[in-house]
Structures are given as structure tokens and as C-alpha cells.
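Participant: Protein chains in written order, with the working numbering: chain H, 24 to 242; chain S, 3 to 145.
Note that beta-carbon positions come from the ideal geometry of N, C-alpha and C, so glycine has one too.
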């Protein structure tokens, strides 16, 4: 990445990294808060039992099930966070596009839900391998998700499709594409990607070349 | 003294169920809502000693709900529950009329203390309002 591009993408990338970490830590906090309340409820029941009230096994099972559910949920969030954190390990590497897009969708699941939008990775074609900067591609995808979810479809859903065309990979989304900005321009340049949209604003597409040139292989 | 009445607003059902049961175990009368719009409907028909409100909810978030409640029923005391102790959000919430803040995971004793404080504050406001109303009536009749 050249120096001029880094001046734009560096601080924006850090902000993006911070925002994703803050969103995910919020999800973990929610699970911890629920586990804390279930633990407190169990403690209440034990205190009541010490005072002679019978312990109800059905209630205790309900609590243990809720705790197990939230441990599983928090663990999934930690896995998401870990994968995302490792996406900065290499400035360029080979990625399976369907896997990366699904991960980006998962990162944006709760922010979308907060806006009342359901983000659906509808059809993600497998076997499309591209050499790219996985962190920057996720940043680009989340900028697109953010923009598209601000103007959701009437049924409040947002679909994402990944497919291969001759020489390119296409990531299509419902809604209109993001507004031009210096960050978007730099991201598209760095990823060698382009965005085109339908005239009626129902779908837009990120187009990424499949061809790997020598400069990128050695980078 | 009558039971404290609390409205608990959070979109996490498991959290809402468990915390409301714990508050009931502590002799608090609890009503629950899973979103800000429902909370606004409830406060129009009922008065509460404290409203415990999650900051981050789908649709109308905690801050928007807080502002709408304060516009409608300024005497109601709101305790915000937050996953993040963000200074900016905290300042905005206090400026918008929040009584207090509690960070998730919440400590039940600290929460109960805040509910008692909120009730005391609300009683003071209601008493002051009543005194002012009585004074207005007395003055209007020249008594």
C-alpha cells in the first residue's frame, strides 16, 4: 500500500477495526449479563431452599439450558472476533470468497438487526478463490452493508449473492451502492474492485478480478 | 410502604425473564417490554417508580426511548443499562434526563439501591407538583 493510500486507509481501517471489536464485545457483554442473571436466579432459589422452599428441578434445568445457550452464543462471537482479528495478519492472501463474505455478513448481523434489517447470505457460490487483502475487503463489504441497510427494501431484508463471471468474482447486494468517498475510492483502488448498480437501485455489485498479477503474488 | 413498580425494557428475552424474576423475588412489581415503542405505550397507562432501559435495542434505541419518555412523562426516573460504559453516550443520556446508569452485567444490590433512589426522587417530584397545584388552587380562589 502506498503512503498516500495509507494516510486515508490507515486511520479509517483502525476506526473500522475498533467499531467491529466494540460491536462484538457488546454481544459478548449481553451474553455475560444473561449468564449473570441466571446465576443470580439460581442463587435466589438456593437461598429460598435454605429457608425451606422446595427446589423445582424444572426451573433449575431451564436455568442451566439458558446458561449453556449463552455460553455457546458467546463462544460463536469470540470465534468471529478471533477470525476478524486474524484478518490483518497478511496484507494479501488467497481467500475463499464465499467464506469471507459469510464472515462479513456475520460481523454485520447484529448492527443490521439493530436497524431492523435481516441480512441474508442468499447464494454464495463456493470454490471462488481470490488473492486479496481480507481485512480491506471486509471493510468494503461492511461499508456497503451499512449503506444498504440505511435504505432497506420494503420487507426489511438485504440479500447477498456471490458468483463467478468470466474473469471476475461478483458480490451482489440488494439496495443502492455506497456514496462516493475518499475511503471508498482508496479501498476500491487497493482491491482493484469496482462497484456498479442497477438503474432502479434494487441491486448493486462489487466486481473483483480473478486474475492474479505478478506484483500481487510477490507482495 | 407499597411495592416499588418497575418497568424493565430490554430486547434480550432470557435477560429480561431472569432479571424480572430476581426483582420480583425482592418484592418489586415488574412489568417488561422488549422494545422502546411498547415501553412508551405502557407509560401512558401506568406510572412506574423506575424504568430500567437497555441502551442498545432494535428499532427505537435506549436514548431515543429515554427522550420520548421524558417528553411525555418528565417525572419518570430512568436507569439506563448499558453493555458499554461509553463516556459520550453517558453524557448524552444524563443530559437527556437519565437518573442513573448501570453497566451490564448488573449487580443486583447496586440495581436495587438505584431503584430505591429513583423512587425517592420520583416521590419528591410528585409531592412538589402536588404542593404547586394546591398553591395554584388556593391563589386562584384567593384563600
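Skipping 5 residues on each side, what residues in its chain have a beta carbon closer than 6 angstroms to that of residue 117(H)?
Facilitator: These residues qualify, in order along the chain: 152, 154.
Participant: Only counting the same chain, and skipping five residues up and downstream in sequence, which positions put a Cβ closer than 7 angstroms to that of residue 24(S)?
Facilitator: Here the set comprises 110.
Participant: Output, in chain order, the set of chain S residues within a Cβ distance shorter than 9 angstroms of residue 89(H).
Facilitator: The contacting residues are 16, 19, 20.
Participant: Measure the beta-carbon distance from residue 108(S) to residue 83(S) and round it to whole angstroms, keeping in mind my assumption that it falls under 8 angstroms.
Facilitator: 7 angstroms between Cβ atoms; contact.
Participant: Spell out the partners DSSP gives residue 83(S) in its beta bridges.
Facilitator: Partner(s): 56(S), 104(S).
Participant: Give a yes or no on whether the C-beta atoms belonging to residue 114(H) and residue 140(H) are separated by under 8 angstroms.
Facilitator: Result no, Cβ atoms of residue 114(H) and residue 140(H) do not sit closer than 8 angstroms.
Participant: Excluding the five sequence neighbours on either side, which residues of its own chain have a C-beta within less than 8 angstroms of the C-beta of residue 119(H), listed in chain order?
Facilitator: Correct list, in chain order: 149, 150, 151, 152.
Participant: Counting contacts by CB-CB distance shorter than 8 angstroms, is residue 242(H) in contact with chain S?
Facilitator: Note that residue 242(H) scores 39 on pLDDT, short of 50, meaning its location in the model is unreliable and no value can be drawn from it.
Participant: Expressed to the nearest angstrom, what Euclidean distance is found between the alpha-carbon atoms of residue 205(H) and residue 57(S)?
Facilitator: Each residue's Cα considered, the two are about 32 angstroms apart.
Participant: Would you mind sorting residue 118(S) into buried or exposed? The rule is 16 or more other CB atoms within 10 Å of its CB.
Facilitator: So residue 118(S) ends up on the exposed side.
Participant: Work out the CA separation of residue 89(S) and residue 32(S) for me, nearest whole Å.
Facilitator: Going by the C-alpha atoms only, they are around 29 angstroms apart.
Participant: How close, in whole Å, do the beta carbons of residue 98(S) and residue 72(S) come, if the pair is a contact with beta carbons under 8 angstroms?
Facilitator: Contact flag correct, Cβ pair sits at about 7 angstroms.
Participant: Any contact of the segment 155 to 174 of chain H with the segment 4 to 18 of chain S, i.e. 3+ C-beta pairs under 8 angstroms?
Facilitator: They do not touch, by the three-pair rule.
Participant: Cβ closer than 8 angstroms: which chain S residues qualify as neighbours of residue 180(H)?
Facilitator: Ordered by position in chain S, no residue passes the 8 angstroms Cβ test against residue 180(H), which lies about 14 angstroms from the chain.
Participant: Could you tell me which uninterrupted beta strand (DSSP E) segments, each at least 3 residues in length, are contained entirely in the segment 131 to 204 of chain H, listed from first to last along the chain?
Facilitator: You should have 141 to 147, 152 to 155, 180 to 188, 191 to 197.
Participant: Compare the beta carbon distance of residue 143(H) and residue 81(H) with 8 angstroms and say whether it is the shorter of the two.
Facilitator: Against a cut-off of 8 angstroms, the Cβ pair of residue 81(H) and residue 143(H) comes out as no contact.
Participant: In the DSSP output, what is residue 117(H) paired with across the bridge?
Facilitator: Bridge partners of residue 117(H): 154(H).
Participant: Rounded to whole angstroms, what's the CA-CA distance from residue 106(S) to residue 51(H)? Just pull it up for me.
Facilitator: Going from the Cα of residue 106(S) to the Cα of residue 51(H) covers about 11 angstroms.
Participant: Do you know how far the Cα of residue 49(H) is from the Cα of residue 29(H)?
Facilitator: Cα-Cα distance, rounded: 29 angstroms.
Participant: Determine the burial state of residue 74(H): buried for a count of at least 16 other Cβ atoms within 10 Å of its Cβ, exposed for fewer.
Facilitator: Label assigned to residue 74(H): exposed.
Participant: Buried or exposed: residue 141(S), going by 16 or more other Cβ atoms within 10 Å of its Cβ?
Facilitator: By the neighbour-count rule (16 or more Cβ atoms within 10 Å), residue 141(S) is not buried but exposed.
Participant: Output yes or no for whether 8 angstroms exceeds the beta carbon distance between residue 32(H) and residue 215(H).
Facilitator: The answer is no: Cβ separation not under 8 angstroms.
Participant: Specify the secondary structure class of residue 5(S) as computed by DSSP and reduced to three states.
Facilitator: Residue 5(S) falls in the coil class under three-state DSSP.
Participant: Excluding the five sequence neighbours on either side, which residues of its own chain have a C-beta within less than 6 angstroms of the C-beta of residue 40(H), listed in chain order?
Facilitator: Around residue 40(H): no qualifying Cβ.
Participant: Assuming residue 232(H) is part of the alpha helix (DSSP H), what are its boundary residues?
Facilitator: It is not in any alpha helix (DSSP H) - residue 232(H) instead sits in the beta strand (DSSP E) that spans 226 to 232.
Participant: For residue 35(S), which residues of its own chain have a beta-carbon under 7 angstroms away from its beta-carbon, when the five flanking residues on both sides are left out?
Facilitator: Correct list, in chain order: 9, 11, 41, 44.
Participant: Hey, is residue 23(S)'s beta-carbon within less than 8 angstroms of any beta-carbon in chain H?
Facilitator: Judged by the 8 angstroms Cβ criterion, residue 23(S) is in contact with chain H.
Participant: Is residue 73(S) close to chain H, meaning its C-beta is less than 8 angstroms from at least one C-beta of that chain?
Facilitator: False, the Cβ-Cβ gap to chain H never drops below 8 angstroms.
Participant: How far does the beta strand (DSSP E) with residue 1(S) in it reach, from first residue to last?
Facilitator: Here chain S has residues from 3 to 145 only, and residue 1(S) is not among them.
Participant: What residues from chain H crowd round residue 110(S), counting only those whose CB sits closer than 8 angstroms?
Facilitator: The answer, in chain order, is 63.
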